[in-house]
Structures are given as structure tokens and as C-alpha cells.
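Accompanying notes for the structure given below.
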Amino acid sequence: MNILIINAGSSSLKYQLIDMSTETLLAKGLCERIGIEGSNITQKVGEKKYERTLPLPDHAAAFEAVVAALTDAENGVIADMSSIGAVGHRVLHGGADFTASALIDGPVLKAIEDNIPLGPLHNPANLTGILACRKIMPDVPMVAVFDTAFHQTMPRRAYLYGIPYRYYTEWKLRRYGFHGTSHRFVSAEAIRLLGNPAHSKVVICHLGNGSSMSAVVDGRCVDTSMGLTPLEGMLMGTRSGDLDPAVVGVIGEREGMAAQDVVTMLNKKSGFMGLSDGLSSDWRDIYAAYAQGDDRGVRTAEVFAYRIRKYIGSYAAAMNGLDAVVFTAGIGENSADARRLILEDTEFLGIRLDEEKNRRNELYIQAADSRVKVMVVPTNEELAIARDTLEIVSGQ
Numbered sequence: 002m003n004i005l006i007i008n009a010g011s012s013s014l015k016y017q018l019i020d021m022s023t024e025t026l027l028a029k030g031l032c033e034r035i036g037i038e039g040s041n042i043t044q045k046v047g048e049k050k051y052e053r054t055l056p057l058p059d060h061a062a063a064f065e066a067v068v069a070a071l072t073d074a075e076n077g078v079i080a081d082m083s084s085i086g087a088v089g090h091r092v093l094h095g096g097a098d099f100t101a102s103a104l105i106d107g108p109v110l111k112a113i114e115d116n117i118p119l120g121p122l123h124n125p126a127n128l129t130g131i132l133a134c135r136k137i138m139p140d141v142p143m144v145a146v147f148d149t150a151f152h153q154t155m156p157r158r159a160y161l162y163g164i165p166y167r168y169y170t171e172w173k174l175r176r177y178g179f180h181g182t183s184h185r186f187v188s189a190e191a192i193r194l195l196g197n198p199a200h201s202k203v204v205i206c207h208l209g210n211g212s213s214m215s216a217v218v219d220g221r222c223v224d225t226s227m228g229l230t231p232l233e234g235m236l237m238g239t240r241s242g243d244l245d246p247a248v249v250g251v252i253g254e255r256e257g258m259a260a261q262d263v264v265t266m267l268n269k270k271s272g273f274m275g276l277s278d279g280l281s282s283d284w285r286d287i288y289a290a291y292a293q294g295d296d297r298g299v300r301t302a303e304v305f306a307y308r309i310r311k312y313i314g315s316y317a318a319a320m321n322g323l324d325a326v327v328f329t330a331g332i333g334e335n336s337a338d339a340r341r342l343i344l345e346d347t348e349f350l351g352i353r354l355d356e357e358k359n360r361r362n363e364l365y366i367q368a369a370d371s372r373v374k375v376m377v378v379p380t381n382e383e384l385a386i387a388r389d390t391l392e393i394v395s396g397q
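What follows is the structure, encoded as C-alpha cells:
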């Protein structure tokens, strides 16, 4: 079965078409600047590249462009849309309603809409993408794969905030976590590579422009670094990560900013970009400055690595043990320098890095006498979404 994967953002729409009989990627593409002047679509099929600049006033128009690209006589990959057996949609926030992916029907659509207050930037776009897709493919089964679902196994002690309890009971203000599809895929792959131990305790470090971590015991998430929103946790490309909530009030008062404007600043102008005083939001630039002794890069890299190291230690305590630390995503998979900085001074946990293996980006990068495995496992969220979609539609 060919499955189409859709990841709709506020002004973008990413997609992949996967042949699930062999789990082969057939095509991948991106619609950009939806609703903005200069909108375009790019698609890759092997070495062939399809590019068009055309008006994309909304997501419905973007999905029509996707159809045209996939079925293009010269650069497409299928004759018509009847070749697609199902569609899997990435949805940011399922709240506490979903602990797993779900076949999209009326109640699921309503739940996505009801959770817009928890995911105001992403859930509306996800919903719009689903509706646009259903309009063109009304008879094709579709599945929602929630970014928050994997983390819903967290115990209450891990997800509650220390605020008046009624804010949880009335407004569902709690920690949810994100990047769940990646954490689920990578933790399952790591446990498989470790030999499917009956009892496993692993820390997943999903490090990229957006970064998050999870503590996974026997394949179930028991804690994660992101919270009500993706702002909590690590220092990221433009997100501040953990801070004293009073910072919002102090900045608002001194800068004459509304609380929501301060939150926007913490999301879009902080992290690497803010701490480096505008040097860059890209880890590669930050580390280059670090290597040259530029204090903008030094302080940013040190804070980034230090916070992750603290989380590894705290998760080992939360799980009462540690079998493996697993690195994934853009920085985690590709930056030996980041991994080295993060794992400095972790010998007390039984972690020892092999520098040569680390430089070569090998699967196992721990030293021979390390009591804890250290792994580099590539993530594949789209394949995880496709697998969920196939399992659910096959079970109808």
C-alpha cells in the first residue's frame, strides 16, 4: 500500500509518499509560503526535482499542488491518486485525549479542534491540512498521529505543575511533551538494537533546532523535557527552554511588553539566537564560534551541553538506572562535537565516550569499559507515521 504522509504547518505543507510493501520512499516535497506572496512547491523523486512557483492562497490550493506534483507525467511518481491507499497526518497536540494514533472521524476532528488552546500555532494548521486533504480524497482513510501521544504514559508526578490544581482540572494545564513520534521510533529502535531487553532504561536526546529529551522504561515514556508547550526544556535554536516563570513578569514590566509578547520572544528570539547575542540560531555556527574562542559561541555551547547533561543525570535518577543514552535528530545524529561536550564529566554514571567512534558517527560510540551504552540512532518520524497509518487502516 502507498501511504501519503502530511505535515501541515501554518504556512507550509510537507509530504512524503511511502510504498509500505517495502517501506520505500517514493517522493517527498514541500509547499512553502502558503497564503504569502512567492509561494512555491518543490518535490524530489530520486534524482528528479520538480519545482513550481505558483499562487497557494490556502492549504486546499497547496494540496491540489501536491496532487499535481505526484501525478506529473514527467517528474511525478504515480498515475493518479487512486494509487494512494491511506493518508497519515502529523498532528501536534492531542491533549490527554489520545495515547495512540487514531482513525480520523468526527470525534477525532472535534478533539483536534478542542485542543487548539493547547496548540494554537499548530493544531489549526493541522486541522486545515486534514480538511483540505479530505476534500480532494473523501473516500481515502486518514489517520491522525499525535506528537504528544507517546508521552501520555508519564505518571502524574511527572506531568503535574505546582500550580492551583483547578487549573489542571478545568483547563488541562499540565506537561504534555512533544516530538513524541520521534521519541517512540528511536526508543523502540534502540531497544531492538540492544537485543530487546525485557527491562530497559534509556534516555533519548532528540537534538535539533527544536530539542527534547525523554526517559523511557521498558518502551514507555516516564518523563520528557517539553511541557505544556514546546518552550520548556532544552536550550534550542530560538527557544529559551527552562527558566524562572518570574522572568516573564520582569521583562514585561521593564520592556513594557504584554505577557504574550514576552512568550513570543522566548519562542522566537531566545535560545542560541538570544544567548549568542544574535550570532546564529544554528548549532554549526555556534560551535564554530566556540572553537574559535568567541565568547558568544562559548557561553551558548556550554549552556546547551550543561542543561542536557543535567537532564541525563536527573532521568537516570527518575528511572533508578540507565542502560543507554541515545542521540538522534539533526544535531544529535550529526554533531560529534555536541555529543562530546554533553557527555563530559558523566563518568559517575558509568558513561565513557570513545572519541574515534564518536567522530565516525558509529552506532555505538561508548568506550569498551563504559557501563552505559551510547548510541546514535537516526530518527524517521514519517516512517513511524506511515507504520501507524498502515496498522490502523489494515485493522478496519
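Residue 311 in our numbering is what sits at position 310 of the sequence shown, and the numbering runs on without skipping anything.
Cβ coordinates follow ideal geometry from the N, Cα and C atoms, glycine included.
Source: prediction; values computed, not measured.
Residue i in three-state terms, based on DSSP
i: TYR291; result: helix
i: LYS311; result: helix
i: MET320; result: helix
i: THR453; result: A question about residue 453 goes unanswered here, because the residues of the chain that appear run from 2 up to 397.
i: GLU345; result: coil
i: ARG53; result: strand
i: LEU104; result: strand
i: VAL109; result: helix
i: GLY36; result: coil
i: ASN197; result: coil
i: ILE42; result: strand
i: SER215; result: strand
i: THR239; result: coil
C-alpha distance - residue i paired with residue j, whole-angstrom precision
i: ARG285; j: GLU356; result: 19 Å
i: ASN375; j: TYR365; result: The sequence shown places Val at residue 375, rather than the Asn named in the question. Their backbone Cα atoms lie some 6 Å apart in a straight line.
i: ASN381; j: TYR162; result: 31 Å
i: LYS15; j: GLY30; result: 6 Å
i: TYR177; j: ASP219; result: 20 Å
i: GLU24; j: ALA330; result: 20 Å
i: MET369; j: ASP346; result: According to the sequence shown, residue 369 is Ala rather than Met. Each residue's Cα considered, the two are about 17 Å apart.
i: ALA216; j: ALA103; result: 24 Å
i: LEU342; j: ASP224; result: 23 Å
i: ALA62; j: ILE393; result: 28 Å
i: ILE164; j: ALA306; result: 29 Å
i: GLU303; j: VAL373; result: 23 Å
i: GLU348; j: ARG361; result: 22 Å
Residue-chain proximity (residue i, chain C), Cβ-Cβ < 9 Å
i: VAL68; result: Reference to chain C is not applicable here, since this structure consists of a single protein chain.
Cut-off 6 Å between Cβ atoms - residues of its own chain near residue i, not counting five sequence neighbours on either side
i: GLY253; result: ALA260 and VAL263
i: PRO379; result: GLU334
i: ALA112; result: ASP98
i: PHE328; result: CYS206, ARG340 and VAL377
i: HIS123; result: LEU93
i: THR400; result: Limits of the chain in this structure are 2 at one end and 397 at the other, which puts residue 400 out of reach.
Nearest-angstrom beta carbon gap, residue j and residue i [assumed within contact, 8 Å]
i: VAL187; j: THR390; result: With 8 Å as the limit, VAL187 and THR390 do not qualify as a contact, their Cβ atoms being about 19 Å apart.
i: CYS206; j: ILE309; result: 6 Å
i: VAL146; j: VAL68; result: The pair is not a contact, with the Cβ atoms about 21 Å apart (cut-off 8 Å).
i: SER11; j: GLU33; result: 11 Å between Cβ atoms; not a contact.
i: ASN3; j: GLY130; result: Actually they do not touch by this definition, with Cβ atoms about 19 Å apart.
i: MET237; j: PHE179; result: 11 Å between Cβ atoms; not a contact.
i: ILE35; j: GLY89; result: Not a contact, Cβ separation roughly 20 Å.
i: VAL203; j: ALA189; result: Incorrect: roughly 10 Å between the Cβ atoms, too far for contact.
Cβ shell of residue i (< 8 Å), same chain only, five flanking positions each side left out
i: LEU232; result: ARG240, SER241, GLY242, VAL264, LEU267 and ASN268
Spatial neighbours of residue i in its chain, beta-carbon cut-off 7 Å, leaving aside the 5 residues before and after
i: VAL78; result: LEU18, LEU27, ALA28, VAL46 and LEU71
i: ALA387; result: ILE4, ILE6, ILE19, MET21 and GLY89
i: ASN359; result: ALA337, ARG340, ARG341 and ILE366
i: PRO58; result: GLY36
i: ASP295; result: none
Problem - Given 8 Å, three or more beta-carbon pairs between the stretch 142-151 and the stretch 177-187 - result: They touch, by the three-pair rule.
Practice task
Indicate whether the contact test is met: 3 or more Cβ pairs, each with one atom in the stretch 194-206 and one in the stretch 273-289, closer than 8 Å.
Solution key: They do not touch, by the three-pair rule.
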